[in-house]
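Asker: Sharing a structure below in structure tokens format, with a few things to ask.
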Amino acid sequence: MSPASLLEVRDLHVEFPTRHGLARAVDGVNLRMGSGEILALVGESGCGKTTLARTIAGLQLPNAGEVLVRGKPLTHGRRALREHRRTAQLIFQDPTGALNARQTIYEAVAEGVRIQKVPGDEEQLVAEALGRAGLRPPERFFTRYPYELSGGQRQRVIIAGAMVLNPGLLVADEPVSSLDASVRGEILGLMLTLARETEIGILVVTHDLGLAWNIADRVAVMYLGRIVEAGTTEDILISPKHPYTQALLSVVPEIEQVEQRILTGEAPDPARIPSGCRFHPRCPLVESGEAARLGIEERCRNDDPLMLPACHAVAPPAAVAMESR
Amino acid sequence: MSGQPQPVEPATESAPLLSVRDLHVAYPSLGGELPAVRGVSLDLEVGQTLGLAGESGCGKSSLAGALLRLLPQGTKVSGEVLLNGEDVLTMKPGRLRAVRWTSLAIVFQGALHSLNPVQRVGQQIGEAIRLHSKQSGVSKRVGELLELVGLPARRASDYPHQLSGGQRQRVLIALALACEPRLLIADEPTTALDVMVQAQVLALLEDLQERFGLATIFITHDLSTLAAVCRHIAVMYAGRIVEQGPSTEVFANPAHPYTRGLAAAFPIIGDAAFRMHPSGLPGDPPDPRDLPGGCPFHPRCPAAVDICPSTPVELWPAGPDRSAACVHVSGSPVST
Chain A
1 MSPASLLEVR DLHVEFPTRH GLARAVDGVN LRMGSGEILA LVGESGCGKT TLARTIAGLQ
61 LPNAGEVLVR GKPLTHGRRA LREHRRTAQL IFQDPTGALN ARQTIYEAVA EGVRIQKVPG
121 DEEQLVAEAL GRAGLRPPER FFTRYPYELS GGQRQRVIIA GAMVLNPGLL VADEPVSSLD
181 ASVRGEILGL MLTLARETEI GILVVTHDLG LAWNIADRVA VMYLGRIVEA GTTEDILISP
241 KHPYTQALLS VVPEIEQVEQ RILTGEAPDP ARIPSGCRFH PRCPLVESGE AARLGIEERC
301 RNDDPLMLPA CHAVAPPAAV AMESR
Chain B
1001 MSGQPQPVEP ATESAPLLSV RDLHVAYPSL GGELPAVRGV SLDLEVGQTL GLAGESGCGK
1061 SSLAGALLRL LPQGTKVSGE VLLNGEDVLT MKPGRLRAVR WTSLAIVFQG ALHSLNPVQR
1121 VGQQIGEAIR LHSKQSGVSK RVGELLELVG LPARRASDYP HQLSGGQRQR VLIALALACE
1181 PRLLIADEPT TALDVMVQAQ VLALLEDLQE RFGLATIFIT HDLSTLAAVC RHIAVMYAGR
1241 IVEQGPSTEV FANPAHPYTR GLAAAFPIIG DAAFRMHPSG LPGDPPDPRD LPGGCPFHPR
1301 CPAAVDICPS TPVELWPAGP DRSAACVHVS GSPVST
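These protein sequence lines are chains A and B, in that order.
Heads up: the first sequence begins at 1 in the numbering used here, then just goes up one per residue.
Heads up: the second sequence begins at 1001 in the numbering used here, then just goes up one per residue.
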């Protein structure tokens, strides 16, 4: 990790009021990423990954903690936010919903240029962005409408619309999950090229571990509002330490099945985060009695593991707790 | 369940449960007819699972719709869909209504949109039972069905919005199983679900296949899911089956370049070949009204040779129990 990191998230908390009390969607997240890096944020739906992404992009006000981009804390004043949104661009899952059906491709990409008052020749900027997103020759797309394009091309338009602002950080929330398998690889390839060539940092929010293996330098695994394990993609996906990561990996459909560890139930309620290790009610180690045998069951139930990987069975007590990042 | 699903009528010993012969589906459209399925034949035995893979627009959902005659009015369907030897396509409306649900049921992907939001889920399942099979003991049966799909029976009094996505998908499966069908068609049943929930639903479907000898046609674009749950796979492209065979072999060693491209889009975690190397197929599926000549895949095919644009392809033998519609396979008359 470079010392001058592109993005730094410090002890971030985001809460929502619900009928059952306060939902702690993001519950103390620390994260760092550098320029040109692709970080995959993985986890089940409801784990808070989308809320975290939205907060980083400046679309959601945090209750506590800080988001720093290039060392500068994100504030939520009007001008500061506009500035921030130029640096950090968000890309959504469904390109069709994200495009205005009655706007030409040119207008869709030029809109950001106008709002952000990007200096330079507008037409040239739009053409360059479309070209960089793989829509070539760009002029051919200027007067076309979203319905005339395929799903993959639409997502390229969205990426062009983000890249035209020359952002330092791209936050992509499930960027390929609504696309066909064959197109998926093309879009991922484009993201990889952009990160390599333009030094942009890309935070990809996904539940797809294969995607992480395809393009991510590092992986952070999120569970109930907290990062529970993080590291290089190789470390996390080949030798995961946290039982939750292990369970997530075991259900990836492959031909030579490892023994599946299907967790029962869905990701639990962020309005009722369990005490101790938040994963303990679903943890295979606790359920199988392994935790009891290791003599850590009490701690699993009562002590919130603040280290990474956030598991009492992994970390030697106390030693790692200092570097809770 | 109150026992094994009973056959609707005694099936002839040798006939497969489902036999599709030269099925064509074409939709009317302003720019002329839109052929979605262009001659598909397949067989399914009792208790078998068949995976149908392909990109959107390849005709896989139109095929599923034709099996139950659920396509919009005006759609042209020809060929045969023999269910226990009886052609679904020529059934009278009364007979068709009896066959749907009791012999053949479907689970769609949008669980939220398939359920009535203002009716308790138990009522919705009960209604299907009352309409199609029996009148008494319905609420007991509803409870049994919910427990069968791994939900507590008391969930019957919930409204759809009170359930999570995975739970709703389970309700849809319970609904499909309400009248003990012998064939279940699952059209992208897990696409909208999370990995862990997807694994739960897939495990449930596998369990049902084993316990009740339920035959299943599984439709998805996710080849890796199919390889994990289906014995056989058929890959569709531009309205036709372009490769079929045992799933593990098709996935591990595809014979058709299209299948190869599709399989490569699903990385194997830990395999260095996929690391920092996402793979896809360039180009888009062809316009069904204006299909390329010869092999319709040739403009996107990395293995195309000069005869491909002019040589009509059909499913040729490609190893034991396998076939593929490509001039490169061993059984092709023009094998290169």
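Glycine included, C-beta positions come from ideal geometry on N, C-alpha and C.
Give every residue of the same chain whose Cβ lies closer than 8 angstroms to the Cβ of Thr-87 (chain A), excluding the five residues on either side of it in the sequence, and list them in chain order.
Answerer: What you label residue 87 (chain A) is simply residue 87 of the first sequence in a count that begins at 1. Same-chain partners within the cutoff: Val-69, Arg-70, Pro-167, Gly-168 and Leu-169.
Asker: Using Cβ-Cβ distances below 7 angstroms, what residues of the segment 158-183 of chain A are close to chain B?
Answerer: From the segment 158-183 of chain A, only Asp-180, Ala-181, Ser-182 and Val-183 have a Cβ closer than 7 angstroms to chain B.
Asker: Output yes or no for whether 8 angstroms exceeds the beta carbon distance between Ala-98 (chain A) and Phe-92 (chain A).
Answerer: If you number the first sequence from 1, residue 98 (chain A) lands on position 98. If you number the first sequence from 1, residue 92 (chain A) lands on position 92. Against a cut-off of 8 angstroms, the Cβ pair of Phe-92 (chain A) and Ala-98 (chain A) comes out as a contact.
Asker: Whole-angstrom Cβ separation of Ile-227 (chain A) and Leu-61 (chain A), contact assumed at under 8 angstroms?
Answerer: On the first sequence, residue 227 (chain A) is found 227 positions in, with the first residue counted as 1. On the first sequence, residue 61 (chain A) is found 61 positions in, with the first residue counted as 1. With a Cβ gap of about 20 angstroms, Ile-227 (chain A) and Leu-61 (chain A) do not count as contacting.
Asker: Looking only at C-alpha atoms, which of B:Pro-1302, B:Val-1088 and B:Val-1142 sits nearest to Leu-1017 (chain B)?
Answerer: Numbered from its first residue, the second sequence carries residue 1017 (chain B) at position 17. Among B:Pro-1302, B:Val-1088 and B:Val-1142, the Cα nearest to that of Leu-1017 (chain B) is on B:Val-1088.
Asker: Since Ala-1053 (chain B) contacts Thr-1220 (chain B) with CB under 8 angstroms, what's their CB separation in whole angstroms?
Answerer: Indexing the second sequence from 1 puts residue 1053 (chain B) at position 53. Indexing the second sequence from 1 puts residue 1220 (chain B) at position 220. Indeed, because the Cβ distance is near 7 angstroms, the residues count as touching under 8 angstroms.
Asker: Taking only runs of the beta strand (DSSP E) that begin and end inside the segment 1048-1098 of chain B, which ones reach a length of at least 3 residues, in chain order?
Answerer: With a minimum length of 3 residues, the continuous beta strand (DSSP E) runs that stay inside the segment 1048-1098 of chain B are 1049-1053 and 1076-1083.
Asker: Can you give me the start and stop residues for the beta strand (DSSP E) that Met-1236 (chain B) sits inside?
Answerer: Indexing the second sequence from 1 puts residue 1236 (chain B) at position 236. Element bounds for Met-1236 (chain B): 1232-1237.
Asker: Just list the residues that DSSP pairs Pro-1246 (chain B) with in beta bridges.
Answerer: The residue given as residue 1246 (chain B) occupies position 246 in the second sequence. Per DSSP, B:His-1232.
Asker: Using the C-alpha atoms, what's the distance from Leu-39 (chain A) back to Asp-27 (chain A)?
Answerer: Translated into positions along the first sequence, residue 27 (chain A) becomes position 27. Translated into positions along the first sequence, residue 39 (chain A) becomes position 39. Between Asp-27 (chain A) and Leu-39 (chain A), the C-alpha separation is close to 20 angstroms.
Asker: Could you give the DSSP three-state label for Gly-1039 (chain B): helix, strand or coil?
Answerer: Residue mapping note: residue 1039 (chain B) aligns to position 39 of the second sequence, counting from 1. Note: Gly-1039 (chain B) maps to strand in three-state DSSP.
Asker: What residues from the segment 233-250 of chain A come within 9 angstroms of chain B, judged by C-beta to C-beta, listed N to C?
Answerer: The segment 233-250 of chain A vs chain B, Cβ under 9 angstroms: Thr-233, Glu-234, Leu-237, Ile-238, Ala-247, Leu-248, Leu-249 and Ser-250.
Asker: Which residues of chain A have a Cβ atom closer than 8 angstroms to the Cβ of Thr-1259 (chain B), listed in chain order?
Answerer: Within the second sequence, numbered from 1, the residue matching residue 1259 (chain B) stands at position 259. Within 8 angstroms Cβ-Cβ: nothing; Thr-1259 (chain B) doesn't reach chain A, min ~11 angstroms.
Asker: Quick check on the DSSP output: what are the complete beta strand (DSSP E) runs of length 3 or more inside the segment 213-254 of chain A, in order along the chain?
Answerer: Complete beta strand (DSSP E) runs here, min 3: 218-223 and 226-232.
Asker: Output yes if chain B places a C-beta closer than 8 angstroms to the C-beta of Val-252 (chain A); else output no.
Answerer: For the purposes of this step, residue 252 (chain A) is identified with residue 252 of the first sequence, where counting begins at 1. Taking Cβ atoms only, chain B reaches closer than 8 angstroms to Val-252 (chain A), which makes this a yes.
Asker: Just checking my contact of Ala-1238 (chain B) with Pro-1285 (chain B) at CB under 8 angstroms: how many whole Å lie between their CB atoms?
Answerer: Translated into the one-based positions of the second sequence, residue 1238 (chain B) becomes position 238. Translated into the one-based positions of the second sequence, residue 1285 (chain B) becomes position 285. Between Pro-1285 (chain B) and Ala-1238 (chain B) the Cβ distance is about 7 angstroms, and since that is below 8 angstroms, they are a contact.
Asker: State the beta-bridge partners of Ala-64 (chain A) as determined by DSSP.
Answerer: Working through the first sequence from its first residue, we reach residue 64 (chain A) at position 64. According to DSSP, Ala-64 (chain A) bridges with A:His-13.
Asker: What did DSSP end up calling Asn-348 (chain A) once you bin it into helix, strand or coil?
Answerer: Outside the shown range of chain A, which is 1 to 325, sits residue 348 (chain A), and nothing can be said about it.
Asker: Taking a Cβ distance cut-off of 7 angstroms, strictly less, list which residues of the segment 199-233 of chain A are near chain B, in chain order.
Answerer: Listed in sequence order: His-207, Leu-209, Gly-210, Trp-213, Asn-214 and Ile-215.
Asker: Where does His-1024 (chain B) fall in DSSP's three states?
Answerer: By 1-based counting over the second sequence, the position of residue 1024 (chain B) is 24. Here His-1024 (chain B) sits in strand by DSSP.
Asker: For Thr-1259 (chain B), count neighbouring C-beta atoms within 10 Å of its own C-beta (all shown protein chains included) and say buried if the count is 16 or more, exposed if not.
Answerer: As a first step, residue 1259 (chain B) is located in the second sequence; it is residue number 259 there, counting from the start. Buried, since its Cβ has 16 or more Cβ neighbours within 10 Å.
Asker: Could you list which residues in chain A have their beta carbon closer than 8 angstroms to that of Leu-1262 (chain B), in chain order?
Answerer: Translated into positions along the second sequence, residue 1262 (chain B) becomes position 262. Chain A residues near Leu-1262 (chain B): Ala-181 and Ser-182.
Asker: Gly-65 (chain A) and Arg-10 (chain A): beta carbons closer than 8 angstroms?
Answerer: Here residue 65 (chain A) refers to the residue found at position 65 of the first sequence. Here residue 10 (chain A) refers to the residue found at position 10 of the first sequence. Contact flag set, yes.
Asker: Where Arg-196 (chain A) and Gly-36 (chain A) are concerned, what is the direct C-alpha to C-alpha distance, given to the nearest angstrom?
Answerer: As a working mapping, residue 196 (chain A) is identified with position 196 in the first sequence. As a working mapping, residue 36 (chain A) is identified with position 36 in the first sequence. Computed Cα separation, rounded: 6 angstroms.
Asker: DSSP three-state call for Leu-1018 (chain B): helix, strand or coil?
Answerer: If you number the second sequence from 1, residue 1018 (chain B) lands on position 18. Correct three-state label for Leu-1018 (chain B): strand.
Asker: Taking 8 angstroms as the threshold (beta carbon to beta carbon), is Pro-36 (chain A) in contact with chain B?
Answerer: As a position in the first sequence, residue 36 (chain A) is number 36, starting the count at 1. For clarity, residue 36 (chain A) is Gly in the given sequence; the question names Pro instead. False, the Cβ-Cβ gap to chain B never drops below 8 angstroms.
Asker: For Pro-1302 (chain B), return the contacting residues in chain A, with the cut-off set at a CB-CB distance below 8 angstroms.
Answerer: Within the second sequence, residue 1302 (chain B) is the residue found at index 302, counting from 1. What Pro-1302 (chain B) touches in chain A: nothing, since even the nearest Cβ is about 12 angstroms away.
Asker: Excluding the 5 residues flanking Gly-1331 (chain B) on each side, which residues of the same chain have their C-beta closer than 8 angstroms to its C-beta?
Answerer: By one-based count along the second sequence, residue 1331 (chain B) stands at place 331. So the qualifying residues of the chain are Trp-1316, Pro-1317, Ala-1318 and Ser-1323.
Asker: Under three-state DSSP, which class holds Lys-117 (chain A)?
Answerer: Within the first sequence, the letter at position 117 stands for residue 117 (chain A). Looking at Lys-117 (chain A) - three-state DSSP - the assignment turns out to be coil, as it is neither helix nor strand.
Asker: When you compare each of A:Cys-277, A:Leu-308 and A:Pro-17 to Glu-298 (chain A) by their alpha carbons, which one comes out closest?
Answerer: For this step, residue 298 (chain A) is matched to residue 298 along the first sequence. The option with the nearest alpha carbon to Glu-298 (chain A) is A:Cys-277.
Asker: Could you please give me the residues that DSSP links to Gln-89 (chain A) through a beta bridge?
Answerer: Here the question's residue 89 (chain A) lines up with position 89 in the first sequence. DSSP, once it has assigned bridges, lists A:Leu-170 as partnering Gln-89 (chain A).
Asker: Whole angstroms is fine: what's the gap from Leu-381 (chain A)'s alpha carbon to Gly-1031 (chain B)'s?
Answerer: The requested residue 381 (chain A) does not occur in the structure, where chain A is confined to residues 1 to 325.
Asker: Please list the terminal residues of the continuous beta strand (DSSP E) segment that includes Asp-27 (chain A).
Answerer: Your numbering for residue 27 (chain A) matches position 27 in the first sequence. Asp-27 (chain A) -> beta strand (DSSP E) spans 21-33.
Asker: Where does Arg-1224 (chain B) sit, in a helix, a strand or coil, going by DSSP?
Answerer: Taking the second sequence and counting its residues from 1, one reaches residue 1224 (chain B) at position 224. In the sequence as presented, Arg is not what sits at residue 1224 (chain B); that position holds Ser. If DSSP states are grouped into helix, strand and coil, Ser-1224 (chain B) belongs with the helices.
Asker: Take every Cβ of the segment 1174-1181 of chain B, pair it with every Cβ of the segment 1121-1128 of chain B, and state whether three or more of those distances are shorter than 8 angstroms.
Answerer: Cβ pair count under 8 angstroms is three or more, so yes.
Asker: Who are Arg-1100 (chain B)'s beta bridge partners in DSSP?
Answerer: Translated into positions along the second sequence, residue 1100 (chain B) becomes position 100. DSSP lists B:Leu-1104 as partners of Arg-1100 (chain B).
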